[in-house]
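A.B. asks: Residue 163 in the working numbering sits at position 87 of the sequence shown, with consecutive numbering throughout.
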Amino acid sequence: MSGSAFNLRSFLHGLPGVDKVGVEARAAALGTRSVKTTAKAAAIDLAIRMVDLTTLEGADTPGKVRALSAKALRPDPADPTCPSVAALCVYPAMVPVAAEVLAGSGVHLASVATAFPSGQAPLEVKLADTRDAVAGGADEIDMVISRGAFLSGRYDFVYDEIVAVKEACGSAHLKVILETGELGTYDNVRRASWLAMLAGADFIKTSTGKVPVAATLPVTLVMLEAVRDFRAQTGRQVGVKPAGGIRTTKDAIKYLVLINETVGDDWLDPDWFRFGASSLLNDLLMQRTKLTTGHYAGPDYFTLD
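#1: If we count the other Cβ atoms within 10 Å of its Cβ and call it buried at 16 or more, is Asp278 buried or exposed?
#2: Within 10 angstroms of the Cβ of Thr365, are there 16 or more other Cβ atoms? Answer buried if so, exposed if not.
#3: Just the Cα atoms here: how many angstroms apart are Ala148 and Ser86?
#4: Under a three-way DSSP split, which group does Met362 fall into?
#5: Report the residue ranges of all alpha helix (DSSP H) runs contained in full by the region 281 to 313; include only those spanning at least 4 residues, in chain order.
#6: Between Thr310 and Lys202, what straight-line distance do the alpha-carbon atoms span, to the nearest angstrom?
#7: Could you check whether Val303 and Val295 sit closer than 7 Å to each other, using their CB atoms as the reference points?
#8: For the region 249 to 269 against the region 210 to 223, are there 3 or more C-beta pairs whose distance is under 8 Å?
#9: Along the alpha helix (DSSP H) that carries Ile217, what are the first and last residues, could you check?
#10: Count the CB pairs spanning the region 285 to 300 and the region 329 to 344 that are closer than 8 Å, and state whether there are at least three.
#11: Applying the 10 Å Cβ sphere with the 16-neighbour rule, what's the burial state of His249?
#12: Return the CA-CA distance between Ala189 and Asp327, expressed in angstroms with no decimal places.
#13: Just tell me which of Arg350, Asp341, Thr325 and Lys286 has its CA closest to the CA of Ala117.
#14: Run the CB neighbour count on Asp155, radius 10 Å, all protein chains shown included, and call it buried at 16 or more, exposed below.
#15: So is Asn264 buried or exposed if we call it buried at 16+ other beta carbons inside 10 Å?
#16: Is DSSP giving Ala148 helix, strand or coil here?
#17: Just the Cα atoms here: how many angstroms apart are Pro168 and Lys96?
#18: Kindly indicate which three-state DSSP category His371 falls into: helix, strand or coil?
#19: Provide the residue(s) that pair with Lys251 in DSSP beta bridges, ordered along the chain.
#20: From Ser145 to Trp343, what distance separates their C-alpha atoms?
#21: With a threshold of 6 Å on Cβ separation, who are the neighbours of Gly285 within its own chain once the five nearest residues in sequence on each side are excluded?
#22: Determine whether the beta carbon atoms of Val94 and Arg266 lie at a separation below 7 Å.
#23: May I ask which residues mark the beginning and end of the beta strand (DSSP E) holding Lys317?
#24: Straight-line CA distance for Met299 to Ile280?
#25: Report yes if the CB atom of Gln363 is closer than 7 Å to the CB atom of Ile120, and no otherwise.
#26: Report back the beta-carbon spacing between Ala163 and Leu185 to the nearest angstrom; my notes put them in contact at under 8 Å.
#27: Report buried or exposed for Asp359, applying the criterion of at least 16 other Cβ atoms within 10 angstroms of its Cβ.
#28: What is the DSSP secondary structure of Val234, counted as helix, strand or coil?
#29: Would you tell me roughly how many angstroms separate the C-alpha atoms of Glu90 and Ala101, rounded to the nearest one?
#30: Can you give me the C-alpha to C-alpha distance between Met273 and Thr137, rounded to a whole angstrom?
#31: Which class does Ala384 belong to by DSSP, given the choice of helix, strand or coil?
#32: Tell me which residue opens and which closes the alpha helix (DSSP H) that Phe226 is part of.
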């Protein structure tokens, strides 16, 4: 093992252990907080602005991606006061289609890359995947780490891959997906978070949404503590993106409370926090309509994604 790899291992295993009981109890307690009236309206609009509207299906078509791009721009066509989402996230092959619709709008175009969701491909393939997405118009790349390498202790391998993908991104931001549901422990989540940030991640992301265990409040709490501590030590701020399983306005508000109570206002911004979601947006829109009009829109009022 090289000296640099040894130093990386020593650093990651020298991080304080996560108090499992404490993290889960704190996340559960914060999850009971409620937000009312005008504060709720502001929270819903903020959550909409934080959504990475996502379609990552083998059956995705250009027509579906164009329609979703339009929805990203105008989530509620009947209400011009409704904000746009943060980004649309698609497979690399669909990036040029989305780029045509989103051009000049301010809505970011994200693409999964690096052999998403498994990450099981040679580095050359991952880099080509990344460069192709950026060339097509993506300004954000969501990469997956090699979980097998991480779990077998090959931290230098994972670090070097992230560094290489970050370079291939050029000016595009890099979100590093840890696939926390496969990491096994909160200690591993903390180590993977620090590893990704040390390698240059602009965001750390919980999940691909393609495994049974996706984003949870306790895992996100561990990641938020990691970005807080990383900024305190390095001066560099990194964003957090929970993804998978966040479906309701109530869920989203729990995450906003978690941010506020863990890292504060600096992360309560789409530049620093995102929701990876598809169905969440419709529930946010229905709750927004309820606050505005006093009644719910029908379930078929908003387009299905």
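Beta carbons are placed, not taken as given, at the ideal position from N, Cα and C, and that holds for glycine.
Source: prediction; values computed, not measured.
C.D. replies: Based on what the coordinates show:
#1: Within the sequence shown, the letter at position 202 stands for residue 278. Buried, by the Cβ-count rule.
#2: By 1-based counting over the sequence shown, the position of residue 365 is 289. By the Cβ-count criterion, Thr365 is buried, with 16 or more other Cβ atoms from all chains shown falling within 10 Å of its own Cβ.
#3: Looking up residue 148 in the sequence shown gives position 72. Looking up residue 86 in the sequence shown gives position 10. The straight-line gap from Cα to Cα measures roughly 44 Å.
#4: Taking the sequence shown and counting its residues from 1, the one referred to as residue 362 is at position 286. Helix at Met362.
#5: Within the region 281 to 313, the complete alpha helix (DSSP H) runs of at least 4 residues are 293 to 310.
#6: Looking up residue 310 in the sequence shown gives position 234. Looking up residue 202 in the sequence shown gives position 126. Taken atom to atom, the span from the alpha-carbon of Thr310 to that of Lys202 is near 28 Å.
#7: Residue numbering aside, residue 295 sits at position 219 when the sequence shown is read from its first letter. Residue numbering aside, residue 303 sits at position 227 when the sequence shown is read from its first letter. Taking 7 Å as the Cβ cut-off, Val295 and Val303 do not qualify as a contacting pair.
#8: Remark: three or more beta-carbon pairs, one from each stretch, lie closer than 8 Å, so the region 249 to 269 and the region 210 to 223 are flagged as touching.
#9: Mapped onto the sequence shown, residue 217 falls at position 141. That residue, Ile217, is in no alpha helix (DSSP H); its beta strand (DSSP E) goes Glu216 to Val220.
#10: These segments touch.
#11: The sequence position of residue 249 within the sequence shown is 173, counting from 1. Result: buried.
#12: Locating residue 189 in the sequence shown gives position 113, where the first residue counts as 1. Locating residue 327 in the sequence shown gives position 251, where the first residue counts as 1. Taking the straight line from one Cα to the other gives about 27 Å.
#13: As a working mapping, residue 117 is identified with position 41 in the sequence shown. Taking Ala117 as reference, the option from Arg350, Asp341, Thr325 and Lys286 with the minimal CA-CA separation is Thr325.
#14: For the purposes of this step, residue 155 is taken as residue 79 along the sequence shown, with counting starting at 1. Around the CB of Asp155, fewer than 16 other CB atoms lie within 10 Å, so the residue is classed as exposed.
#15: Working through the sequence shown from its first residue, we reach residue 264 at position 188. Burial of Asn264 is indicated by the presence of at least 16 other C-beta atoms within 10 angstroms of its C-beta.
#16: Numbered from its first residue, the sequence shown carries residue 148 at position 72. Taken through DSSP and simplified to helix, strand or coil, Ala148 comes out as helix.
#17: Here the question's residue 168 lines up with position 92 in the sequence shown. Here the question's residue 96 lines up with position 20 in the sequence shown. Rounded to whole angstroms, the separation of the alpha carbons of Lys96 and Pro168 is 37 Å.
#18: Along the sequence shown, read from residue 1 onward, the residue named residue 371 stands at position 295. In this structure, DSSP gives His371 a state outside helix and strand, which the three-state scheme calls coil.
#19: Locating residue 251 in the sequence shown gives position 175, counting from the first residue. Beta-bridge pairing links Lys251 to Asp218 and Phe279.
#20: One-based indexing of the sequence shown puts residue 145 at position 69. One-based indexing of the sequence shown puts residue 343 at position 267. Using only the alpha carbons, I get a separation of about 25 Å.
#21: The residue given as residue 285 occupies position 209 in the sequence shown. If we look at Gly285 and ignore the five residues flanking it on each side, its Cβ neighbours are Ala319 and Gly320.
#22: Counted from its first residue, the sequence shown places residue 94 at position 18. Counted from its first residue, the sequence shown places residue 266 at position 190. Yes. Within cutoff.
#23: Working through the sequence shown from its first residue, we reach residue 317 at position 241. Unbroken beta strand (DSSP E) run through Lys317: Gly315 to Lys317.
#24: As a first step, residue 299 is located in the sequence shown; it is residue number 223 there, counting from the start. As a first step, residue 280 is located in the sequence shown; it is residue number 204 there, counting from the start. Between Met299 and Ile280, the C-alpha separation is close to 8 Å.
#25: Along the sequence shown, one-based indexing puts residue 363 at 287. Along the sequence shown, one-based indexing puts residue 120 at 44. Yes, the Cβ-Cβ distance between Gln363 and Ile120 is below 7 Å.
#26: On the sequence shown, residue 163 is found 87 positions in, with the first residue counted as 1. On the sequence shown, residue 185 is found 109 positions in, with the first residue counted as 1. Yes, they are in contact, since the Cβ atoms of Ala163 and Leu185 sit about 7 Å apart, within 8 Å.
#27: Here residue 359 refers to the residue found at position 283 of the sequence shown. With 16 or more Cβ atoms within 10 Å of its Cβ, Asp359 is classed as buried.
#28: The sequence position of residue 234 within the sequence shown is 158, counting from 1. Under the three-state reduction of DSSP output, Val234 falls in the helix class.
#29: The count along the sequence shown starts at 1 and reaches residue 90 at position 14. The count along the sequence shown starts at 1 and reaches residue 101 at position 25. The residue you asked about is not Glu; residue 90 is Gly in the sequence shown. Straight-line measurement puts the Cα of Ala101 at about 24 Å from the Cα of Gly90.
#30: Numbered from 1 along the sequence shown, position 197 holds the residue referred to as residue 273. Numbered from 1 along the sequence shown, position 61 holds the residue referred to as residue 137. If you take the alpha carbons of Met273 and Thr137, they lie about 34 Å apart.
#31: As shown, the chain starts at 77 and ends at 381. That puts residue 384 outside it, with no answer to give.
#32: Here residue 226 corresponds to residue number 150 of the sequence shown, with the count starting at 1. Counting along the chain, Phe226 sits inside the alpha helix (DSSP H) bounded by residues Arg223 to Leu227.
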